[in-house]
Amino acid sequence: MLDQILHAVEAYLRHTPQGEFLRTAKWGWPIFESLHFTGMSMLLGTVGVFDLRLLGFARRIPIAALHRLIPIGISGFVINLITGFCFLSATPDQYLFNRAFYWKVTFIVIAGLNVMVFYAGVFRRLLETPPDTPPPLAARMAGAVSLLAWIGVMSAGRLLTFFRP
Amino acid sequence: MESFFVWLEATPLSTWLRESPSLWAFPFVLILHTVGLAFFVGANVAWDVRVLGFSMGIPLDALRRYFLVMWAGFWINAVSGVLLLIAYPTKALTNPLFYAKLALIGLGIALALRIRRGVQDVRADSDAPRPARTLAAVSLGCWVAVIFAGRLLAYTCTRLTVDSTC
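Right, here's the structure in full:
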């Protein structure tokens, strides 16, 4: 059953315009990969830096000021969603039947849930705490989960090649 | 050079990195190089966008502590990069793009140090001086070029090892 669904998704994605484009354009794949790494650096450079601050690193930086860098991280994440979806569409069998792909998706989901818990919970209180105070436990937890989840995403992404069907 | 490649590729470390089926060999070194890149370039991104005027409430002298993150990323990548080079010396050293990548990294680091000196007296809530802002824009472009050069290495090599082609 699941196998049939995956094969149907594979057949569909393979013939989408973005899939055909990335499979045939001469330098398409390497350029999209480079963009994927650029998006990753934008994400880790802002969200990762914010996570370190949540853990208590460089406490003199006001959280609200550092938080204003987050839209750059979101832009990086969107670049990576788009380029990533193009990779998936171009060679769907290489991802849909690959364990590392599901690890990567799982880590992205963990990072996403962590973001929701963070904004629903400790974030407001955090904006009011003055710089130079030790962050509350909930904030430190959010920072640690986020950093580990993104390191997991990058590691699983790198392992994709080694788990190809 | 050729005899150096032959010698290096026959060393136990090079052979192990290249041929071991263990995920702790080549795949782990690649993961280190990727995570290191994210923090190395990422810390530069944070620094450059602040100098360019995003989120001026961030005190530059406090953000300076993130140079530690940058250097941590740099050393992770220097070590993992040397390991990748030991695994495939012919592949990298016969590719002109590899030297371009190293030069761009050197330029990126030089720019980061220049920018840091250029904003020494800038407080939170104030603009960085124009020359520092120009350098920060160049720096962002430089890091994107490093990423492209690094990624394209896999597609532009001609020789994989002394006796195999890419």
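Going down the list, the protein sequences come from chains A and B. Each residue of the first sequence is one higher than the last, beginning at 1334 in this note's numbering. Each residue of the second sequence is one higher than the last, beginning at 685 in this note's numbering. The C-beta atom is built at its ideal place from N, Cα and C for all residues, glycine as well. Bear in mind that the values here come from a model prediction, so they are computed numbers and not experimental data.
- Per DSSP, reduced to three states, the secondary structure at B:Leu736 is helical.
- With a beta-carbon spacing of about 5 Å, A:Arg1386 and A:Leu1399 fall inside the 8 Å limit used to define contacts.
- Rounded to whole angstroms, the gap between the alpha carbons of B:Asn761 and B:Val713 is 9 Å.
- The shortest C-alpha to C-alpha distance from B:Thr695 to any of B:Pro773, B:Ala796 and B:Cys841 is the one to B:Pro773.
- Judged by DSSP in its simplified three-state form, B:Ser848 adopts strand.
- Of B:Val766, B:Ala771, B:Phe751 and B:Lys785, the smallest CA-CA separation from B:Ser704 is found for B:Ala771.
- Against chain B, the CB of A:Arg1473 has no partner CB under 8 Å away; the residue lies outside that interface.
- Counting along the chain, the unbroken alpha helix (DSSP H) around A:Tyr1452 starts and ends at Arg1432 to Ala1453.
- Between the alpha carbons of B:Trp708 and A:Thr1379 lies a distance of about 29 Å.
- With a minimum length of 4 residues, the unbroken runs of alpha helix (DSSP H) contained wholly in the segment 745-815 of chain B fall at 751-771, 773-777 and 780-802.
- Within chain A, no C-beta atom comes nearer than 9 Å to that of B:Phe689; the closest sits roughly 24 Å away.
- Residue B:Ala722 holds the alpha-carbon nearest to the alpha-carbon of B:Ala756 among B:Asp745, B:Arg734, B:Pro743 and B:Ala722.
- Within 8 Å of the CB of B:Ile831, the CB atoms of chain A belong to Ser1367, Phe1370, Thr1371 and Ser1374, in sequence order along the chain.
- With a threshold of 8 Å between beta carbons, A:Ser1408 makes no contact with chain B.
- Burial check for B:Val719: the Cβ neighbour count within 10 Å reaches 16 or more, so the residue is buried.
- Taking a C-beta distance under 8 Å as the contact criterion, B:Leu791 and B:Cys826 qualify as a contact pair.
- Less than 8 Å separates the beta-carbon of B:Ser823 from that of B:Ile799.
- Here the alpha carbon of B:Pro815 sits roughly 17 Å from the alpha carbon of B:Val729.
- Among the residues facing chain A, B:Gly737 is not included, as its CB has no counterpart in that chain under 8 Å away.
- With respect to A:Arg1473, A:Leu1388 sits close: the two C-beta atoms are nearer than 8 Å.
- For the 8 Å CB-CB criterion, B:Gly741 and A:Pro1404 do not form a contact.
- CA-CA distance, B:Asp805 to A:Met1375, rounds to 27 Å.
- Within the segment 716-734 of chain B, Thr718, Val719, Leu721, Ala722, Phe723, Val725, Gly726, Ala727, Asn728, Val729, Ala730, Val733 and Arg734 place their CB atoms closer than 8 Å to a CB of chain A, listed in sequence order.
- Proximity of A:Ile1443 to chain B, defined by a Cβ-Cβ separation below 8 Å, is not satisfied.
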